[in-house]
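Q:
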Amino acid sequence: MTAVGVFIVEDDPMVLEIHRRFIESVPGFQVVGAAQDGQSALEGVQNTGAQLVILDIFMPEIDGLTLLRQLRQLTVPVDVIVVTAAQEASTVQEALWLGAVDYLIKPFRFERLRQALERYRNRCRQLMQLKTNELKQEDLDRILETRPEANRPDLPKGLQDKTLDLVIQVLKSRSPSSLSAREVAEMAGLSRITARRYLEYLLGLGLVIAEPEYGSVGRPLNRYRWNEGSGENRQ
Numbered sequence: 162m163t164a165v166g167v168f169i170v171e172d173d174p175m176v177l178e179i180h181r182r183f184i185e186s187v188p189g190f191q192v193v194g195a196a197q198d199g200q201s202a203l204e205g206v207q208n209t210g211a212q213l214v215i216l217d218i219f220m221p222e223i224d225g226l227t228l229l230r231q232l233r234q235l236t237v238p239v240d241v242i243v244v245t246a247a248q249e250a251s252t253v254q255e256a257l258w259l260g261a262v263d264y265l266i267k268p269f270r271f272e273r274l275r276q277a278l279e280r281y282r283n284r285c286r287q288l289m290q291l292k293t294n295e296l297k298q299e300d301l302d303r304i305l306e307t308r309p310e311a312n313r314p315d316l317p318k319g320l321q322d323k324t325l326d327l328v329i330q331v332l333k334s335r336s337p338s339s340l341s342a343r344e345v346a347e348m349a350g351l352s353r354i355t356a357r358r359y360l361e362y363l364l365g366l367g368l369v370i371a372e373p374e375y376g377s378v379g380r381p382l383n384r385y386r387w388n389e390g391s392g393e394n395r396q
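According to our numbering, the sequence shown is numbered sequentially starting from 162.
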């Protein structure tokens, strides 16, 4: 498999250079271009034929979400990993709706970016290894890293798949860091009570880990982090 061509969109030149050096240190990736504003990025992504875009949201002229919308409208065949300080629930939701394959919130550990890149590379490799045009369900489950729905328990009354997926995405976006129920609620656009219900459900399945946080008075409050060793990769 040839190296994945990466285009970096980041308005801070120092951060852009850090991203460039780190990405090129990960086997199987090559930075083919970069831009510090949305308009230059729109042209550069198309001219370089990049396969993957590392996208910031806050940029001059054209912001990251607008750029992503334009890339989709032009049907540019490129995947996107968002790397940004933007953590509003509406921004996360729109980026995912527009097809972002991952979302990292600054500041983050570079090991988290490495994980995102390696997952993406593995998915590309699996797609290339398929020998037929007609896929079986087990092929897709393996590529998309999902379990068949039959192997998933039915959700308790009052819980919804779409909201559960959003809570999971929020947790994954901050992994390996932990979040309180209040923080998850704010990022997902939910009430704290609703967020806690989903978190406790995931805790019961072993998909998240609860870490007590002790204050000066009262009972400890739980902080929740995604259990990377759970084997569940629901997207």
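All C-beta atoms in this analysis are idealised placements derived from N, C-alpha and C, irrespective of residue type, glycine included. The structure presented is a predicted model; accordingly, all values stated were derived computationally and were not measured.
Mind pulling the alpha helix (DSSP H) runs of 4 or more residues that sit fully within the stretch 179–230?
A: List check, alpha helix (DSSP H) in window: 199–209.
Q: Where DSSP assigns a beta bridge to Gly166, which residues make up the other side?
A: The residue you call residue 166 lines up with position 5 of the sequence shown. According to DSSP, Gly166 bridges with Gln191.
Q: Measuring only the C-alpha atoms, how far is Glu361 from Gln287?
A: Counting from 1 along the sequence shown, the entry for residue 361 is found at position 200. Counting from 1 along the sequence shown, the entry for residue 287 is found at position 126. C-alpha separation (whole angstroms): 34 Å.
Q: Does the pairing of the stretch 366–386 with the stretch 330–345 give three or more beta-carbon distances under 8 Å?
A: Yes, the stretch 366–386 is in contact with the stretch 330–345.
Q: With which residues is Ala371 paired in a DSSP beta bridge?
A: Counting from one through the sequence shown, the residue named residue 371 turns up at place 210. Tyr385, per the DSSP bridge assignment.
Q: Hey, would you say Leu265 sits closer than 8 Å to Val244, going by beta carbons?
A: As a working note, residue 265 is residue 104 in the sequence shown. As a working note, residue 244 is residue 83 in the sequence shown. Going by C-beta atoms, Leu265 is nearer than 8 Å to Val244.
Q: Within 10 angstroms of the Cβ of Asp326, are there 16 or more other Cβ atoms? Answer buried if so, exposed if not.
A: As a working note, residue 326 is residue 165 in the sequence shown. Classification for Asp326: exposed.
Q: For Gln330, count the other beta carbons within 10 Å of its own beta carbon; 16 or more makes it buried, fewer makes it exposed. Which is it?
A: Reading the sequence shown from its first residue, position 169 is the one you call residue 330. Per the 10 Å Cβ criterion, buried.
Q: Count the other CB atoms, across all protein chains shown, that sit within 10 Å of the CB of Arg273; report buried if there are 16 or more and exposed otherwise.
A: Walking along the sequence shown from the start, residue 273 turns up at place 112. By the neighbour-count rule (16 or more Cβ atoms within 10 Å), Arg273 is buried.
Q: Is the beta carbon of Val206 closer than 8 Å to that of Gly189?
A: Working through the sequence shown from its first residue, we reach residue 189 at position 28. Working through the sequence shown from its first residue, we reach residue 206 at position 45. No, the Cβ-Cβ distance between Gly189 and Val206 is not below 8 Å.
Q: Would a C-beta distance cut-off of 8 Å place Glu171 and Gln197 closer than the cut-off?
A: As a first step, residue 171 must be located in the sequence shown, where it is residue number 10. As a first step, residue 197 must be located in the sequence shown, where it is residue number 36. In this structure, Gln197 lies closer than 8 Å to Glu171 by Cβ.
Q: Out of curiosity, what's the CA-to-CA distance linking Gly367 and Asp322?
A: The sequence position of residue 367 within the sequence shown is 206, counting from 1. The sequence position of residue 322 within the sequence shown is 161, counting from 1. If you take the alpha carbons of Gly367 and Asp322, they lie about 17 Å apart.
Q: Would Asp263 be called buried (16 or more neighbouring beta carbons within 10 Å of its own) or exposed?
A: Here residue 263 refers to the residue found at position 102 of the sequence shown. Per the 10 Å Cβ criterion, buried.
Q: Flag this pair as yes or no: are the beta carbons of Val187 and Arg275 separated by less than 8 Å?
A: By one-based count along the sequence shown, residue 187 stands at place 26. By one-based count along the sequence shown, residue 275 stands at place 114. In this structure, Arg275 lies closer than 8 Å to Val187 by Cβ.
Q: Which of the three DSSP states is assigned to Thr236 in this structure?
A: Here residue 236 corresponds to residue number 75 of the sequence shown, with the count starting at 1. Of the three classes helix, strand and coil, the one that applies to Thr236 here is coil, per DSSP.
Q: Evaluate Ala277 with the Cβ neighbour count: other Cβ atoms within 10 Å of its Cβ, from every protein chain shown; 16 or more gives buried, anything less gives exposed.
A: Counting from 1 along the sequence shown, the entry for residue 277 is found at position 116. Ala277 should be labelled buried.
Q: If you draw a straight line from the C-alpha of Ala250 to the C-alpha of Leu226, how long is it?
A: Position 89 of the sequence shown, counting from 1, holds the residue named residue 250. Position 65 of the sequence shown, counting from 1, holds the residue named residue 226. For Ala250 and Leu226, the distance between alpha carbons rounds to 13 Å.
Q: Alpha carbon to alpha carbon, how far is Arg230 from Ile184? Give it in angstroms, no decimals.
A: Looking up residue 184 in the sequence shown gives position 23. Looking up residue 230 in the sequence shown gives position 69. Answer to the nearest angstrom: the Cα atoms are 24 Å apart.
Q: Buried or exposed: where does Arg357 fall if 16 or more other Cβ atoms within 10 Å of its Cβ makes it buried?
A: Here the question's residue 357 lines up with position 196 in the sequence shown. The residue in question, Arg357, is buried, as its Cβ has 16 or more Cβ neighbours within 10 Å.
Q: Quick one: Cα of Pro309 to Cα of Leu296, how far?
A: By 1-based counting over the sequence shown, the position of residue 309 is 148. By 1-based counting over the sequence shown, the position of residue 296 is 135. Because Pro309 sits at a pLDDT of 41, beneath the cut-off of 50, its placement in the model cannot be relied upon, and the point is left open.
Q: So Glu374 packs on Leu382, CB below 8 Å; how close in whole Å?
A: Residue numbering aside, residue 374 sits at position 213 when the sequence shown is read from its first letter. Residue numbering aside, residue 382 sits at position 221 when the sequence shown is read from its first letter. Going by Cβ atoms, the distance from Glu374 to Leu382 rounds to 5 Å, so yes, they are a contact pair.
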